[in-house]
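J.: Below is one structure. I have some questions about it.
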Amino acid sequence: MALTSWKAFRFFDVSQIKLPSEVSLEQSNVSCVVPGENEIITGSPDGTVQLLDQNFQLSRTWKAHDANLTHAKQITDTPYLVTLAEDLLHEPELKVWDLKTTEKKSKLPKCLCTITVQNGRKSFPVTSFAVTSDITEMAIGFGNGAVTVVRGDFIHDRGTKQRTVFESEEPITGLEFREASTTALYIATTAHIRALVVAGNKQGAPARTLDNHGCAIGCMTLEPQSNDIVVAREDAIYSYSLRGKVASYAYEGAKKLVGVHKDYVLVASPPKSNNMASAALRAFGGTQAETILNSTTFTILNTDLKFVAHSETLSSEVNTIFSMWGDIFVLTVDGKLLRHHEKLFKQKMDILSHRNLFVLAISLAQKYQVDASQQSAIFRRYGDYLYQKGDYDTAMQQYLRAIDNTEPSQIIRKYLDNQHLGNLVDYLEALHEEGKASSDHTTLLLNCYAKLKDSTKLEEFIHQPGELKFDLDTAITMCRQGGYYEQAAFLARRHEEHGLVVDIMVEDLKWYAEAVAYIMRLDPADAFQSLMKFGTVLLEHRPAETTRLYIDHFTGQYRPKKDAIIMQETSAETADANGASKGFGTAAKSAVQNLVSFIPLPGMAVAATPVSEQQTTQVVETVSEEFVEYNVPKPRLAFASFIDHADEFIEFLEALISSDHVGEKAELRTTLFEMYLHKAGETKAEEKTEWERKAKQLIAENDVPIDTSSVLLLSDLEKFREGTILVSERRGLKYDVFRSYTAARDTKGAIKALHKYGSEEPQLYAAALAYFTSSPDILKEAGDEVEKVLTKIDEDGLMAPLQVIQTLSVTPVATMGLVKRYLSTVVQREQDEIAANRRLVDSYRKDTTTKLGEIEELSTTPVSFSSTRCSTCGMTLDLPTVHFLCKHSYHQRCLNVADERDVDEIECPICAPKNAIVRQVKKAQEESASRHDLFEDDLQRSKDRFGTVSEWFGRGIVGGRVE
1 MALTSWKAFR
11 FFDVSQIKLP
21 SEVSLEQSNV
31 SCVVPGENEI
41 ITGSPDGTVQ
51 LLDQNFQLSR
61 TWKAHDANLT
71 HAKQITDTPY
81 LVTLAEDLLH
91 EPELKVWDLK
101 TTEKKSKLPK
111 CLCTITVQNG
121 RKSFPVTSFA
131 VTSDITEMAI
141 GFGNGAVTVV
151 RGDFIHDRGT
161 KQRTVFESEE
171 PITGLEFREA
181 STTALYIATT
191 AHIRALVVAG
201 NKQGAPARTL
211 DNHGCAIGCM
221 TLEPQSNDIV
231 VAREDAIYSY
241 SLRGKVASYA
251 YEGAKKLVGV
261 HKDYVLVASP
271 PKSNNMASAA
281 LRAFGGTQAE
291 TILNSTTFTI
301 LNTDLKFVAH
311 SETLSSEVNT
321 IFSMWGDIFV
331 LTVDGKLLRH
341 HEKLFKQKMD
351 ILSHRNLFVL
361 AISLAQKYQV
371 DASQQSAIFR
381 RYGDYLYQKG
391 DYDTAMQQYL
401 RAIDNTEPSQ
411 IIRKYLDNQH
421 LGNLVDYLEA
431 LHEEGKASSD
441 HTTLLLNCYA
451 KLKDSTKLEE
461 FIHQPGELKF
471 DLDTAITMCR
481 QGGYYEQAAF
491 LARRHEEHGL
501 VVDIMVEDLK
511 WYAEAVAYIM
521 RLDPADAFQS
531 LMKFGTVLLE
541 HRPAETTRLY
551 IDHFTGQYRP
561 KKDAIIMQET
571 SAETADANGA
581 SKGFGTAAKS
591 AVQNLVSFIP
601 LPGMAVAATP
611 VSEQQTTQVV
621 ETVSEEFVEY
631 NVPKPRLAFA
641 SFIDHADEFI
651 EFLEALISSD
661 HVGEKAELRT
671 TLFEMYLHKA
681 GETKAEEKTE
691 WERKAKQLIA
701 ENDVPIDTSS
711 VLLLSDLEKF
721 REGTILVSER
731 RGLKYDVFRS
741 YTAARDTKGA
751 IKALHKYGSE
761 EPQLYAAALA
771 YFTSSPDILK
781 EAGDEVEKVL
791 TKIDEDGLMA
801 PLQVIQTLSV
811 TPVATMGLVK
821 RYLSTVVQRE
831 QDEIAANRRL
841 VDSYRKDTTT
851 KLGEIEELST
861 TPVSFSSTRC
871 STCGMTLDLP
881 TVHFLCKHSY
891 HQRCLNVADE
901 RDVDEIECPI
911 CAPKNAIVRQ
921 VKKAQEESAS
931 RHDLFEDDLQ
941 RSKDRFGTVS
951 EWFGRGIVGG
961 RVE
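When the letters of the sequence shown are read in order and numbered with the UniProt record's numbering, they come out as residues 1 to 963.
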C-alpha cells in the first residue's frame with residue numbers, strides 16, 4: 001500500500017529546544033549524538049564526551065579519545081557507555097565506560113577497558129557499530145565491506161578476541177544484533193541485506209541473504225519488540241526477519257535516516273539532489289529556491305495501522321534522530337534540536353472523530369489497549385455517525401460493541417420505531433446476554449417479539465441455556481400477557497418456579513389434568529402450596545385425582561412420582577387402540593404425555609436417544625420408593641378447598657379418620673358428622689336415612705373421640721334427635737336425654753329414660769311429673785306412670801308437698817282424684833311426725849328437769865360415798881383415798897398422784913373421755929359462733945334455710961356465751 005493512500009495527521013506537537021550558550025550541536029561541533037539512560041550523549045571531533053540532562057544543561061564532560069569520536073552507545077538499563085573514535089592514520093579505538101563509577105583523582109567516569117579494533121591494517125572508516133545488551137559482543141562495520149566482531153569481558157577487562165566474520169565488496173551500511181536463543185547479526189551493505197549467526201546453533205554458517213537490495217548508511221534500524229529490522233530505501237520501507245522480508249510499504253523518495261519509536265517508524269529524507277533541474281531552479285528562484293531545495297522532510301509513520309502520524313518539512317538537513325524521555329528528538333545539521341511530543345490519546349481521538357475516521361480511531365484504541373470505557377465512547381460516536389447517515393444496521397453493530405458503557409435508553413429511543421424493530425431486538429438481546437437488562441428491557445423485548453410475531457426468537461429466548469440473563473418474573477408476565485402460555489410455563493418450570501407452572505396451567509391453559517399430574521411430581525412442600533392455592537379449581541374439574549392427592553398428602557403417605565421417557569415403536573393400529581381407551585388411568589397418562597411434550601417434569605430422566613419417525617415417546621410413571629419426610633399439615637387447612645364439593649370432602653374426611661397417621665380425630669369426626677347431616681338435609685327418603693345412619697354410627701361408640709358440644713349443636717340445628725340423645729347419653733347428660741324425649745313429645749321414650757336414669761338422676765321425677773300433666777293426651781298416654789312418679793317423689797322426698805301441688809296447678813290437666821292418695825299419705829305422715837316430735841320434746845324436758853335437780857342437790861347437800869373398792873384396781877380402798885362426785889373412788893396411788901396438793905387437779909379417769917367430748921363440742925360451737933362467714937356460706941347453699949338458721953342458733957350464733 002502506497003503512502004499516498006495513507007491518512008495523514010499531526011499527532012505530535014513540535015517545539016524547538018533552547019540550548020544553553022555553552023552547548024553547540026552544530027554538525028561541525030558534534031560527530032555523534034545518542035540517547036543515554038537519562039541523559040543525551042554527544043561526541044565531538046576532538047574525542048570529547050558531553051552529557052546533557054533533562055533540562056539540556058551540560059551535566060558532565062570529559063576527554064574520552066584523542067581522535068574523532070564517531071560512534072557511541074549506552075547499553076539499555078546499564079551505566080555502561082561504549083565509545084568508538086577513529087582517524088585514518090590509526091586503527092579505531094573502542095572504550096567502555098562506567099558512568100556511575102568515577103576515578104578518585106579526576107572524578108571522571110571510569111574507563112573499564114580500551115580496545116583497538118583491527119581491520120587487517122586497512123585504513124577504512126567505520127560505517128556502522130552495534131553492541132549486544134550483555135556487552136559480550138560488539139560488531140564494527142567498515143567502508144571496505146568488512147565486519148569485525150569483538151568478543152570478551154569488556155566490563156572486567158579480562159581480554160577480548162577479534163575476528164573478521166564477514167567481508168564483501170560493498171561497504172557496510174548498517175549492523176544490528178538480533179538477540180534470542182541464537183544471536184544473529186543483521187548486515188546491510190549498499191547492495192544486500194544479510195543475516196549472519198554469530199552465536200548459538202548454526203554459528204559459522206555463511207551469511208544468509210535476505211534481500212539483494214541494500215540501503216544507505218543510517219537507513220537500517222532494529223525494531224526491539226519483534227527483533228526485526230526496518231530498512232528504508234528510495235522506493236519503500238521494508239521489514240525483515242531472519243527468514244526474509246516480512247512487510248513493505250511503498251514510500252517513494254530518497255531516505256537519509258530511519259528510526260523506531262514505540263509503534264512508529266521515523267524517516268528523514270535528504271535535500272533534493274543537486275541535479276540539472278535543481279540547478280536551473282536555483283538560478284531562477286534565487287535564495288527562496290535555495291531554501292526550498294535544501295529542505296528536509298521528517299515523517300512519523302504507523303505502519304501497523306497505515307497512517308502518517310506526523311510530517312513536516314525542515315529548513316535544514318537532519319543530522320540525527322533519536323528517542324528520549326518518551327519523545328522524539330530531531331537534530332539538524334545547523335544545531336537545532338526539535339522535540340516531538342505525542343498528543344494525548346483523547347486529543348488524537350478528537351482529531352479522528354472530527355474527520356469521522358472512526359474505524360481508524362477504533363483500531364488505534366484497540367492497539368493501545370485503552371480501557372473499555374474509552375473504547376465504548378468511540379464505538380458510540382461511530383454509531384451516532386452511522387445512524388445520522390441512515391446506516392442503521394452498521395450503527396447498531398457499533399452500539400452493541402459499546403453496550404458495556406452506554407445508557408441503554410439512549411439507544412432504545414433511537415430504534416423505538418416499527419421500521420427498526422429488528423435492530424432494537426438485536427440490542428435488547430445483547431443486553432440480556434450481558435446481564436444488563438432490566439425488567440423493562442425484558443418487557444420491551446418480548447413486546448417486540450410479539451409485534452414481529454417471531455415465535456422462533458421467543459422460543460430461543462426462553463430456551464437459552466446457562467445462567468438466567470433476564471428478569472424471570474417479567475418474562476413470565478409478558479409471555480402470559482401475550483398469550484404465550486406454554487413458553488411462560490416452560491420458563492417457570494426451568495427455573496423451579498413450580499407455583500407459577502401450576503398457575504399458568506390452571507388459570508391460562510385450563511390444563512387441569514396436567515396440573516394435577518404436575519403437582520403429583522413435586523416435593524411435599526411445593527405440592528402443598530399448589531394444593532392450597534388451586535385445590536378448589538382442580539376439585540371442580542378433576543375431582544377424583546385431586547381428592548386422591550389431598551388424601552395422600554394429608555395422611556402423610558405422599559410420594560412424589562418419577563417419570564422416565566422411553567422410545568417405542570408405534571403403528572396406526574396401536575395409536576388407534578390407545579386413543580380408544582378411556583377412563584381415569586388413561587386420562588392421567590394422556591395428561592402426562594401432553595405435559596412432557598412442552599415442559600420437563602420434575603425429577604424426569606430423559607433418554608438420550610433421538611426420536612425417529614417410527615418412534616414415539618412414552619412416559620413411564622413410577623412412585624418414588626424413597627420416602628421424603630415432611631411435616632404433615634393440619635387437616636383443617638384443606639377444609640376451605642372443599643367448599644361446594646361435599647362428596648369429595650366426605651371421602652377426604654373418611655380417609656383421614658381411617659388413617660393411623662392423622663391426629664385431631666375429634667375435629668375430623670365432628671366435621672364429618674356435620675357433612676353427613678348436610679347431605680341428609682339435601683336428600684330425601686332412602687338416601688336421607690342412609691346419611692343419618694352414617695351420622696349415628698359415627699357417634700355411637702363411646703370410645704370414639706368427637707366434640708360432643710358441636711354434635712349437640714349440629715343435631716339441634718339439623719333436627720337430628722338421635723344425635724342429641726346419643727351424645728347426651730355419652731356425656732352423662734341424663735336429664736338432657738329425658739328432655740329430648742319430652743321436647744319431641746315422645747312419652748314412651750320419656751318413660752323409658754325415666755326408668756333407665758331415674759335412680760341416678762332423681763330430679764327426673766319432678767320433670768316427669770310436670771311433663772305427664774302438661775296435656776290431657778300425655779296424661780292419658782302416661783297412665784299409671786303418674787301415680788308411680790308421685791309415690792317415688794313421696795318416698796324419696798324429692799319434692800315438698802307444696803311443690804307437688806304447685807307443679808300440678810300449672811295446667812288444668814291434673815285433677816283432685818289424681819293426687820288424692822298422695823295427699824292422704826302425706827297428711828298422715830305429717831301428723832305422725834308431729835306426734836313423734838311432741839313425745840321427743842316431752843322426753844327432753846323430763847331429762848332436763850332431772851339433771852337440774854341433781855345439780856341442785858350436789859350444790860346444797862353433802863355427798864356420802866359408800867364405795868369400798870377402787871374403781872381402777874378393784875382392791876379394797878385404803879387411805880389415802882380420792883372420791884369424785886360422780887360416785888367413783890380410787891386409791892391415790894392408782895391415780896398416779898405423788899403430791900396430795902395435785903389431787904384437786906385430777907379428773908375421774910372413767911368420766912374423763914365423756915367430759916372431753918362435751919368440752920370439744922362446746923368449744924367447736926363457740927368457735928363456729930364467731931365465724932359468721934361460714935354461717936352465711938352455709939345459708940346461701942342451703943335449700944332449707946329455716947332449718948339452717950335453727951341449727952346455727954343451737955351452735956350459739958345468736959346471743960352470748962352461756963356459762
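We treat Cβ as the ideally placed atom computed from N, Cα and C, and that holds for glycine.
Of all the beta strand (DSSP E) runs that stay within the bounds of the segment 912-952, which reach a length of 3 or more residues?
T.: DSSP runs (the beta strand (DSSP E)) wholly in the segment 912-952: none.
J.: So which of Gln892, Lys694, Thr815 has the shortest CA-CA distance to His678?
T.: To locate residue 678, count along the sequence shown from 1; it is residue 678. His678 has its Cα closest to that of Lys694, out of Gln892, Lys694, Thr815.
J.: On a CA-only basis, which of Glu169, Ser226, Asn144, Asp157 is nearest Phe177? Give me that one, please.
T.: For the purposes of this step, residue 177 is identified with residue 177 of the sequence shown, where counting begins at 1. That would be Ser226, whose Cα lies nearest to the Cα of Phe177.
J.: Mind checking Glu39: buried by the 16 CB within 10 Å criterion, or exposed?
T.: Position 39 of the sequence shown, counted from the start, is the residue given in the question as residue 39. Counting Cβ neighbours within 10 Å, Glu39 comes out buried, since at least 16 surround it.
J.: Is the beta carbon of Leu69 sitting closer than 8 Å to the one on Ala85?
T.: Indexing the sequence shown from 1 puts residue 69 at position 69. Indexing the sequence shown from 1 puts residue 85 at position 85. Their beta carbons are under 8 Å apart, which means Leu69 touches Ala85 by this criterion.
J.: Which same chain residues end up closer than 7 Å to Tyr385 when comparing Cβ atoms and leaving out the 5 residues on each side of it in sequence?
T.: As a working mapping, residue 385 is identified with position 385 in the sequence shown. Result list for Tyr385: Asn356, Phe358, in chain order.
J.: Would you check if the distance between the CB atom of Ala680 and the CB atom of Glu692 is smaller than 8 Å?
T.: For the purposes of this step, residue 680 is identified with residue 680 of the sequence shown, where counting begins at 1. For the purposes of this step, residue 692 is identified with residue 692 of the sequence shown, where counting begins at 1. Contact flag set, yes.
J.: I'd like to check one pair, Ala268 with Val318: are the Cβ atoms closer than 8 Å?
T.: Within the sequence shown, the letter at position 318 stands for residue 318. Within the sequence shown, the letter at position 268 stands for residue 268. Yes, Cβ-Cβ distance for Val318 and Ala268 is below 8 Å.
J.: Just mark Glu467 as buried or exposed, buried being the case when its beta carbon has 16 or more other beta carbons within 10 Å.
T.: Residue mapping note: residue 467 aligns to position 467 of the sequence shown, counting from 1. Looking at its Cβ environment, which holds fewer than 16 other Cβ atoms inside 10 Å, Glu467 is exposed.
J.: Could you give the distance in angstroms between the alpha-carbon of Cys111 and the alpha-carbon of His354?
T.: In the sequence shown, counting from the first residue as 1, residue 111 sits at position 111. In the sequence shown, counting from the first residue as 1, residue 354 sits at position 354. So the two alpha carbons sit approximately 55 Å from each other.
J.: May I ask you to verify whether the segment 220-235 touches the segment 246-262, counting CB pairs closer than 8 Å and requiring at least 3?
T.: In short, these stretches touch, since the Cβ pair count reaches three.
J.: Would you please verify whether the beta carbon of Phe642 is less than 8 Å from any beta carbon of chain D?
T.: Absent from the structure is chain D; it holds one protein chain and no more.
J.: At the level of alpha carbons, what is the spacing between Val165 and Thr76?
T.: As a first step, residue 165 must be located in the sequence shown, where it is residue number 165. As a first step, residue 76 must be located in the sequence shown, where it is residue number 76. Distance between the alpha carbons of Val165 and Thr76 is about 25 Å.
J.: Apart from the five residues on each side of it in sequence, which residues of its chain come closer than 7 Å, Cβ to Cβ, to Leu19?
T.: The residue given as residue 19 occupies position 19 in the sequence shown. Counting only Cβ-Cβ distances below 7 Å, and skipping sequence neighbours, we find Leu25, Phe56, Leu337.
J.: For a test of your reading of the model: does the CB of Glu179 fall under 7 Å from any non-hydrogen atom of the ligand MG? Yes or no.
T.: Because no ligand of any kind appears in the structure shown, any question about the ligand MG cannot be addressed here.
J.: Label His156 either buried or exposed according to how many other C-beta atoms from any shown protein chain fall within 10 Å of its C-beta, with 16 as the threshold for buried.
T.: Here residue 156 refers to the residue found at position 156 of the sequence shown. Under this definition His156 is an exposed residue.
J.: Is the Cβ-Cβ distance between Tyr550 and Ala450 less than 8 Å?
T.: Numbered from its first residue, the sequence shown carries residue 550 at position 550. Numbered from its first residue, the sequence shown carries residue 450 at position 450. No, Cβ-Cβ distance for Tyr550 and Ala450 is not below 8 Å.
J.: Could you check the C-alpha separation between Val819 and Val662 for me, to the nearest Å?
T.: Here residue 819 refers to the residue found at position 819 when the sequence shown is read from its first residue. Here residue 662 refers to the residue found at position 662 when the sequence shown is read from its first residue. Distance between the alpha carbons of Val819 and Val662: 60 Å.
J.: Let me know the secondary structure DSSP gives Ser323 once reduced to three states.
T.: Reading the sequence shown from its first residue, position 323 is the one you call residue 323. Ser323: strand per DSSP, three-state reduction.
J.: What residue range does the beta strand (DSSP E) around Gly141 cover?
T.: Residue 141 sits at position 141 when you count from the first residue of the sequence shown. Per DSSP, Gly141 belongs to the beta strand (DSSP E) from 137-142.
J.: Name the DSSP bridge partner or partners of Val49?
T.: In the sequence shown, residue 49 corresponds to position 49, counting from 1. Partner(s): Gly43, Trp62.
J.: Tell me which residues share the same chain as Val131 and place their Cβ nearer than 6 Å to its Cβ, disregarding the 5 neighbours each side in the sequence.
T.: What you label residue 131 is simply residue 131 of the sequence shown in a count that begins at 1. Here the set comprises Lys73, Val82, Met138.
J.: Relative to the C-alpha of Arg521, which residue among Glu507, His553, Leu509 is closest?
T.: As a working mapping, residue 521 is identified with position 521 in the sequence shown. Closest by alpha carbon: His553.
J.: Could you have a look at Phe166 and say whether DSSP puts it in helix, strand or coil?
T.: Walking along the sequence shown from the start, residue 166 turns up at place 166. Phe166 falls in the strand class under three-state DSSP.
J.: Tell me whether Val827 is buried or exposed, calling it buried when 16 or more other Cβ atoms sit within 10 Å of its Cβ.
T.: Position 827 of the sequence shown, counted from the start, is the residue given in the question as residue 827. By the neighbour-count rule (16 or more Cβ atoms within 10 Å), Val827 is not buried but exposed.
J.: Measuring alpha carbon to alpha carbon, tell me which of Thr183, Lys453, Val921, Glu170 ends up nearest His192.
T.: One-based indexing of the sequence shown puts residue 192 at position 192. Minimum Cα distance to His192 is reached at Glu170.
J.: Alpha carbon to alpha carbon, what distance is there between Gln374 and Ala247?
T.: Your numbering for residue 247 matches position 247 in the sequence shown. Your numbering for residue 374 matches position 374 in the sequence shown. If you take the alpha carbons of Ala247 and Gln374, they lie about 31 Å apart.
J.: May I have the straight-line CA-CA distance separating Thr876 from Arg893, to the nearest angstrom?
T.: Within the sequence shown, numbered from 1, the residue matching residue 876 stands at position 876. Within the sequence shown, numbered from 1, the residue matching residue 893 stands at position 893. Roughly 13 Å separates the two Cα atoms.
J.: I'd like to know whether the C-beta atoms of Pro762 and Leu798 end up nearer to each other than 8 Å.
T.: What you label residue 762 is simply residue 762 of the sequence shown in a count that begins at 1. What you label residue 798 is simply residue 798 of the sequence shown in a count that begins at 1. In contact: Pro762 and Leu798 (Cβ atoms closer than 8 Å).
J.: Helix, strand or coil: which one does DSSP assign to Asp87?
T.: Within the sequence shown, numbered from 1, the residue matching residue 87 stands at position 87. Note: Asp87 maps to strand in three-state DSSP.
J.: With a Cβ-Cβ cutoff of 8 Å, do Ser340 and Val14 count as a contact?
T.: To locate residue 340, count along the sequence shown from 1; it is residue 340. To locate residue 14, count along the sequence shown from 1; it is residue 14. Reading the sequence as shown, one finds His at residue 340 and not Ser. In contact: His340 and Val14 (Cβ atoms closer than 8 Å).
J.: Would you mind sorting Ser581 into buried or exposed? The rule is 16 or more other CB atoms within 10 Å of its CB.
T.: Walking along the sequence shown from the start, residue 581 turns up at place 581. Residue placement at Ser581 cannot be trusted, given a pLDDT of 35 that sits under 50; the coordinates are not used to answer.
J.: Just the Cα atoms here: how many angstroms apart are Ala750 and Leu779?
T.: For this step, residue 750 is matched to residue 750 along the sequence shown. For this step, residue 779 is matched to residue 779 along the sequence shown. Cα to Cα, Ala750 sits roughly 12 Å from Leu779.
J.: Got a sec? Which residues, its chain only, sit under 8 Å from Ile135 by beta carbon, not counting five neighbours each side?
T.: Translated into positions along the sequence shown, residue 135 becomes position 135. The answer, listed in chain order, is Ile75, Thr78, Tyr80, Val82, Val96, Phe154, Ile155.
J.: Who are the near neighbours of Thr116 in its chain, counting only those whose CB is closer than 7 Å to its CB and skipping five residues on each side?
T.: What you label residue 116 is simply residue 116 of the sequence shown in a count that begins at 1. The residues are Glu91, Glu93.
J.: What does the alpha-carbon distance come out to for the pair Val149 and Ser128?
T.: The residue given as residue 149 occupies position 149 in the sequence shown. The residue given as residue 128 occupies position 128 in the sequence shown. So the two alpha carbons sit approximately 12 Å from each other.
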